[in-house]
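Quick mapping for you: the protein sequence lines, in order, are chains A and B. For the first sequence, the positions run 1 to 298 when my numbering is used. For the second sequence, the positions run 1 to 429 when my numbering is used.
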Amino acid sequence: MKLVIAMLMDGMIYASWLFLIAAGLTLIYGVMRILNMAHGSFYAIGAYAGASLVGFYLAGGYPPWGAYLVLLGAAIFSGIIIGLLVERGLLRFMYGRDEVVMILVTYAILLILEDVIKLAWGVDAYFAYQPYTLLGRTKLVGLSYANYDIALIFISASICFLLWWGLNRTRQGKLLQAVIHDRDTAAFLGINVTRMFTVTFVIGAVLGTFAGALTAPGISVMPGIGIEVIILAFAVVVIGGLGSIGGALTGALIVGLARSASVHLYPEAELFVIYGVMAVVLAFRPQGLFAIATARKI
Amino acid sequence: MFRSFAKKSTLTGLILVSAAAQPILAADDYKLGLVTFLSGGAAGPFGIPAQNAAKLVLETLNAGQLPAPYNTTGINGRTIVPVFMDEAGGATKQASEYRNLVERQGVDAVVGYISSGDCLAVPAVAEQLKTLTVLFDCGTPRVFEENDFKYVFRTGPTATMDNVAAAHYINETVEGLKSVSGINQNYSFGHESWADFNGSLNQLKAGVDVTTEQFPKIYAGQYGAEISALMVNSANVIHSSFWGGDMEAFLLQGSARGLFEDQTALLTTGESAMYRLSDQIPEGTILGGRGPFGVFAPDTALNRWFREAYTSEFGTPPTYPAYKMVQGILGLKLATEKAALNVNGQPSTEDVVSAFEYLEYEGPGGKVSMNRGKGHQATMEMVYGRYALQDGKPAVTDVRHYAAACVTPPEGMTSVSWIEKGMPDAQCD
Numbered sequence: 001m002k003l004v005i006a007m008l009m010d011g012m013i014y015a016s017w018l019f020l021i022a023a024g025l026t027l028i029y030g031v032m033r034i035l036n037m038a039h040g041s042f043y044a045i046g047a048y049a050g051a052s053l054v055g056f057y058l059a060g061g062y063p064p065w066g067a068y069l070v071l072l073g074a075a076i077f078s079g080i081i082i083g084l085l086v087e088r089g090l091l092r093f094m095y096g097r098d099e100v101v102m103i104l105v106t107y108a109i110l111l112i113l114e115d116v117i118k119l120a121w122g123v124d125a126y127f128a129y130q131p132y133t134l135l136g137r138t139k140l141v142g143l144s145y146a147n148y149d150i151a152l153i154f155i156s157a158s159i160c161f162l163l164w165w166g167l168n169r170t171r172q173g174k175l176l177q178a179v180i181h182d183r184d185t186a187a188f189l190g191i192n193v194t195r196m197f198t199v200t201f202v203i204g205a206v207l208g209t210f211a212g213a214l215t216a217p218g219i220s221v222m223p224g225i226g227i228e229v230i231i232l233a234f235a236v237v238v239i240g241g242l243g244s245i246g247g248a249l250t251g252a253l254i255v256g257l258a259r260s261a262s263v264h265l266y267p268e269a270e271l272f273v274i275y276g277v278m279a280v281v282l283a284f285r286p287q288g289l290f291a292i293a294t295a296r297k298i
Numbered sequence: 001m002f003r004s005f006a007k008k009s010t011l012t013g014l015i016l017v018s019a020a021a022q023p024i025l026a027a028d029d030y031k032l033g034l035v036t037f038l039s040g041g042a043a044g045p046f047g048i049p050a051q052n053a054a055k056l057v058l059e060t061l062n063a064g065q066l067p068a069p070y071n072t073t074g075i076n077g078r079t080i081v082p083v084f085m086d087e088a089g090g091a092t093k094q095a096s097e098y099r100n101l102v103e104r105q106g107v108d109a110v111v112g113y114i115s116s117g118d119c120l121a122v123p124a125v126a127e128q129l130k131t132l133t134v135l136f137d138c139g140t141p142r143v144f145e146e147n148d149f150k151y152v153f154r155t156g157p158t159a160t161m162d163n164v165a166a167a168h169y170i171n172e173t174v175e176g177l178k179s180v181s182g183i184n185q186n187y188s189f190g191h192e193s194w195a196d197f198n199g200s201l202n203q204l205k206a207g208v209d210v211t212t213e214q215f216p217k218i219y220a221g222q223y224g225a226e227i228s229a230l231m232v233n234s235a236n237v238i239h240s241s242f243w244g245g246d247m248e249a250f251l252l253q254g255s256a257r258g259l260f261e262d263q264t265a266l267l268t269t270g271e272s273a274m275y276r277l278s279d280q281i282p283e284g285t286i287l288g289g290r291g292p293f294g295v296f297a298p299d300t301a302l303n304r305w306f307r308e309a310y311t312s313e314f315g316t317p318p319t320y321p322a323y324k325m326v327q328g329i330l331g332l333k334l335a336t337e338k339a340a341l342n343v344n345g346q347p348s349t350e351d352v353v354s355a356f357e358y359l360e361y362e363g364p365g366g367k368v369s370m371n372r373g374k375g376h377q378a379t380m381e382m383v384y385g386r387y388a389l390q391d392g393k394p395a396v397t398d399v400r401h402y403a404a405a406c407v408t409p410p411e412g413m414t415s416v417s418w419i420e421k422g423m424p425d426a427q428c429d
């Protein structure tokens, strides 16, 4: 029983972390058909912004609980800035190009941003562990879990719900769905597609920086963290189907639970299991589990 | 006309900028290649401290102001001009970058390499180019156990020495030791460290159970499931050779979940985090420094100078990568100057190689004996202790020293077979 609970809890916590990273990636692909390699850098910038601002905040002797607001503010602020810079400054000139070209462009942005991060923050690690420990921990069948990690599950679930609600239950979401299905027809109908792209990209970027800022308290924030997570995020969105929020959630849950089971039952396969699951899914459904159906233009 | 002028101006500008970026060399300067991580996850905890130490010691050496016997200028009177190179990118890249250092930059010697993978890849090129190369930090014992290199030396201890000493330490200090678990990175250093530790512990104390062995991916950053597995399969001691950001993340996440309240962590590279995470490391955690470095270094004039100068310059005490870099540079200096005693003018690379073999010298971490790998591999005493806060400052208590002869396989025997055979000829007090 203890083992099963441990596998479920660890799987859920890992899945919630994966979903936070993958949500922005899949949203941008779903709307803009851009497989955004630079999403890893957005995550890293969020982590650096969160860790450094929390450091400044706590060094100033302010109440520790305020650190959570600082993390949130750092994520939103850095996400808006970097999202606007990348989309308005570069990507808008590339719209309409082949998806492979866009992968190369965003890969170039990833490499540039990695160096920008080093220039801005240096190569020494940043720590912001106070928010991680401040919430205490909960004992479950004899195992302790950091309440911060448990909170991540609820935060991810809330973001998933908000994205679903925003896309399916709001006017702007329905307009966005029209753009997703056929951007040319949507433009003919008077929808400002360019603005939709900008807003979507900025929301995707904020989701990336938010994931980074929320992760920062539990890790050593150092160069290269963005590149590490982007590979995992790709595995998640490929399993679930590129462009599908539900797919990202399902992919994150499958990867999280499979990895957790492996760590507990057969640790040697911990790394293999993630990509093994991906290979099996792609063998039977090359478009992923929940890929958005696309109309063929003749 | 304008285009031609613009081209010429650009070219001239580029030449000027490139010339300004190159150090101005005198004919007798000693050009030293220094390879360490300047980017990536290993830069902060290892690469940058090592680079800082190199800058500090080279500047002081060039001024002839290091404590005796290193108080002569540069290397054999030649001013040392450093050429730094980033170790990031993997073994294949490093092998070609090494070639660039020697053939294009024209360095006289190279001191470098933190990654075991790089230390296994670069020596073959060094031999081909007949360039003196000092490996300063990497841990895999395979470099000299599986090869005979003429131009390559390693002035730091191997990971086997770390882990055999760690096994001795817990065997002696953990009362009622019945079980251990392990969490190590999924690459050569992690696997070899765990195998050496577990193998030597089996030889020292029969019947110690292994409750779980975890090998997460290097730079994974998230260890929630592994921490749960370590809790479910509770042991007296958790062994880890994690380093850098991985070790720090494991410490943060493990401490937040109370992992170390019932189990003692044994961190073979933990010394490098004791100042950075001083309020997160649980007291009683067993720390190693990959040798007698950092807080474990002896109280000598050289060490006092190094600690004071480094702390004053960089605002934090030097950790073991910094010590090991200095040790590598000083070994090269001494070997060159020893070789110069028998020749007129500057010694050849072959002269320095002969002088370096079986050299014994004092580094900031104490005595270094180049007495394994046919005189190319250093041995040193190993030290472990327990983390404690003394007057609110990070410190170590219950420190134990293990002689090099106690934790090192004899010449000609591999670490694996030495441990399997019960560590014959080990000379422990």
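Even glycine gets a Cβ: it sits at the ideal position worked out from N, Cα and C. Quantities reported herein were computed from a predicted structural model and do not represent experimental measurements.
What's the C-alpha gap between residue i and residue j?
| i | j | result |
| --- | --- | --- |
| A/Trp164 | A/Thr170 | 10 Å |
| B/Trp243 | B/Leu287 | 12 Å |
| A/Val263 | B/Gln105 | 47 Å |
| A/Ser41 | A/Val202 | 14 Å |
| A/Tyr68 | A/Ala216 | 12 Å |
| B/Glu213 | B/Glu59 | 45 Å |
| B/Glu308 | B/Pro317 | 8 Å |
| B/Ser415 | A/Ile109 | 46 Å |
| B/Gln22 | B/Pro82 | Because B/Gln22 sits at a pLDDT of 48, beneath the cut-off of 50, its placement in the model cannot be relied upon, and the following sentence gives the value as read from the coordinates. Approximately 11 Å between the Cα atoms of the pair. |
| B/Ala340 | B/Leu66 | 20 Å |
Compare the C-beta of residue i with all C-beta atoms of chain A and state if any pair is closer than 8 Å.
| i | result |
| --- | --- |
| B/Ala43 | yes |
| B/Leu34 | no |
| B/Ser18 | A caution first: B/Ser18 carries a pLDDT of 47, below 50, which makes its placement in the model unreliable, though a value can still be read off. Chain A, which has no Cβ nearer than 8 Å to the Cβ of B/Ser18, makes this no. |
| B/Ser228 | yes |
| B/Pro127 | The sequence as given places Glu at residue 127 of chain B; Pro does not occur at that position. So, not an interface residue. |
| B/Asn198 | no |
| B/Asn186 | yes |
| B/Leu267 | no |
| B/Ala21 | Note that B/Ala21 has pLDDT 47, beneath the 50 cutoff, so the model's placement of it is unreliable and the number below is only indicative. For B/Ala21, the answer is no, since every Cβ of chain A falls outside 8 Å of its Cβ. |
| B/Pro216 | yes |
Using a Cβ cut-off of 7 Å, pull out every chain A residue sitting near residue i, in sequence order please.
| i | result |
| --- | --- |
| B/Ala235 | Under the 7 Å cutoff, chain A gives no residues; its nearest Cβ is about 15 Å from B/Ala235. |
| B/Tyr219 | Gly224 and Glu228 |
For residue i, which residues in chain A fall below 9 Å Cβ to Cβ?
| i | result |
| --- | --- |
| B/Ser39 | Glu114, Asp115, Lys118, Val123, Pro223 and Gly224 |
Give a yes or no on whether the C-beta atoms belonging to residue i and residue j are separated by under 8 Å.
| i | j | result |
| --- | --- | --- |
| A/Ser226 | A/Glu114 | The sequence shown places Gly at residue 226 of chain A, rather than the Ser named in the question. Yes, the Cβ-Cβ distance between A/Gly226 and A/Glu114 is below 8 Å. |
| B/Ser234 | B/Gln263 | yes |
| B/Thr79 | B/Val102 | no |
| B/Glu350 | B/Thr72 | no |
| A/Gly288 | A/Val238 | yes |
| B/Ile329 | A/Asp124 | no |
| B/Val232 | A/Leu3 | yes |
| B/Ile183 | B/Ile218 | no |
| B/Val352 | B/Pro292 | no |
| A/Gly24 | A/Gly208 | yes |
| B/Met325 | B/Ala109 | no |
Taking residue i as the query, report the chain B residues whose CB atoms sit under 7 Å from its CB, ordered along the chain.
| i | result |
| --- | --- |
| A/Ser220 | Gly245, Glu248 and Ala249 |
Go ahead and pull the three-state DSSP assignment for residue i.
| i | result |
| --- | --- |
| B/Ser181 | strand |
| A/Glu87 | helix |
| B/Ser278 | coil |
| B/Ser228 | helix |
| B/His168 | helix |
| B/His401 | strand |
| B/Gly366 | strand |
| A/Ser144 | strand |
| B/Val343 | coil |
| A/Lys174 | helix |
| A/Arg124 | Rather than Arg, the amino acid found at residue 124 of chain A in this sequence is Asp. Coil. |
Using a beta-carbon distance below 8 Å, is residue i in contact with chain B?
| i | result |
| --- | --- |
| A/Lys2 | yes |
| A/Ala6 | yes |
| A/Trp65 | no |
| A/Leu271 | yes |
List, in chain order, every chain B residue whose beta-carbon is nearer than 8 Å to that of residue i.
| i | result |
| --- | --- |
| A/His264 | Ala225, Ser228, Ala229 and Val232 |
| A/Tyr43 | By Cβ distance, chain B contributes nothing, its closest Cβ being about 11 Å from A/Tyr43, past 8 Å. |
Run down chain A in chain order and give the residues with a C-beta less than 8 Å from the C-beta of residue i.
| i | result |
| --- | --- |
| B/Ala256 | Tyr129, Tyr132, Thr133, Arg137, Ala146, Tyr148 and Gly218 |
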